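**Student:**
In the numbering used here, the protein residues as written are 119 to 407.
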């Protein structure tokens, strides 16, 4: 009489897997039920109140809940509205925040990884909220037409989309750091010109702080009607719009029909439509020297 073979199946789990897997599974389950039962509405109101107090603006949050990213769990807010003291309203479609992987925590300085989506663009990077508050990251799909330029340069109009790399800290006399911007296929409207000038590319690199509020180290605009490159310094002043401006530009007007309009601004073009221009005045009211 032959013996029936014993049924075979998976053997016992390795001890290492048990020692590691059971605690991790427990933490995941606790976190899952924690998220299910956490009073997110109460936290939403608390976060909105604290953010309003810190920023000096009235902030409202439509939804607040847990979010998950490849680098860890996060808080995710949707429908964020900030009403500035002057009445202007800023909106965020989504704001995702989590603790950043940074050595700043070891020094007692919080660092938060943020991912903000708004009609003006998407901002991703690290916010440092310690002894030297600042931001280091990138802005994508930046809508130049939505930039609040009216209070700084009311006669300057931009259109198009750009990317920007930002590394800025809060210094004793204001922001300090560096910003680099690259835009394609847009237009720029200049004071005194009746039409906006299209461009194929616009590149700029600037430093903030030091002996000036802003130092434009590189500016290059390339378009079918006009090309320009140069540099500028915006001196320190109580208001950015009234800060003294000192800029040098090399201009080349390609379109013959645009040359009379540029000459009407006080720019002395040669027969080829080229000129070296020195600008003074202020950002709000630049003048050709």
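Note that the Cβ used here is the ideal one computed from N, Cα and C, for glycine as well.
Predicted, not measured: the structure shown is a model, and the values here were computed from it.
Beta-carbon within less than 6 Å of residue 298's beta-carbon, same chain only, minus the 5 sequence neighbours each way: which residues are those?
**Tutor:** Excluding sequence neighbours, residue 298 sits near 283 and 323.
**Student:** Pick from 211, 305 and 312: whose alpha carbon is nearest that of residue 342?
**Tutor:** Measuring from the Cα of residue 342, the nearest candidate turns out to be 305.
**Student:** Do you know whose CA, among 407, 361, 241 and 262, lies nearest residue 255's CA?
**Tutor:** Cα-wise, what sits closest to residue 255 is 241.
**Student:** Scan the region 315 to 360 and note each continuous beta strand (DSSP E) run of 3 residues or more that stays entirely inside, going in chain order.
**Tutor:** If we require 3 residues or more, the beta strand (DSSP E) runs fully inside the region 315 to 360 come out as 315 to 327, 330 to 340 and 344 to 352.
**Student:** How big is the Cα-Cα spacing for residue 171 and residue 179?
**Tutor:** Each residue's alpha carbon lies about 14 Å from the other.
**Student:** Can at least three beta-carbon pairs, one atom from the region 361 to 369 and one from the region 307 to 319, be found at a separation below 8 Å?
**Tutor:** No contact exists between the region 361 to 369 and the region 307 to 319.
**Student:** Sort out for me which residues DSSP pairs residue 306 with in a bridge.
**Tutor:** Paired residue(s): 276 and 315.
**Student:** With a threshold of 16 other CB atoms inside 10 Å of the CB of residue 160, please say whether the residue is buried or exposed.
**Tutor:** Per the 10 Å Cβ criterion, exposed.
**Student:** Could you give the uninterrupted runs of the beta strand (DSSP E) lying entirely in the region 164 to 191, keeping only those of 3 residues or more?
**Tutor:** Within the region 164 to 191, the complete beta strand (DSSP E) runs of at least 3 residues are 176 to 187.
**Student:** Can you check which of these residues, 249, 220 and 214, is closest to residue 236 by C-alpha distance?
**Tutor:** The option with the nearest alpha carbon to residue 236 is 214.
**Student:** Could you have a look at residue 261 and say whether DSSP puts it in helix, strand or coil?
**Tutor:** Strand.
**Student:** Would you report the Cα separation of residue 339 and residue 321, rounded to the nearest angstrom?
**Tutor:** When rounded, the distance between both Cα atoms is 7 Å.
**Student:** Starting from residue 378, trace the alpha helix (DSSP H) both ways and give me its first and last residue.
**Tutor:** It spans 377 to 381 - the alpha helix (DSSP H) in which residue 378 sits, taken as one unbroken run.
**Student:** Residue 413 and residue 191 look like a contact to me (Cβ under 8 Å); what is the Cβ gap, rounded to whole Å?
**Tutor:** What the structure shows of the chain is the stretch from 119 to 407, and residue 413 is not part of that stretch, so it cannot be assessed.
**Student:** When DSSP labels each residue in this structure, what does residue 407 get in the three-state scheme?
**Tutor:** Of the three classes helix, strand and coil, the one that applies to residue 407 here is coil, per DSSP.
**Student:** Out of 351, 368, 403 and 309, which one is the CA nearest neighbour of residue 379?
**Tutor:** For the residues 351, 368, 403 and 309, the minimum Cα distance to residue 379 belongs to 309.
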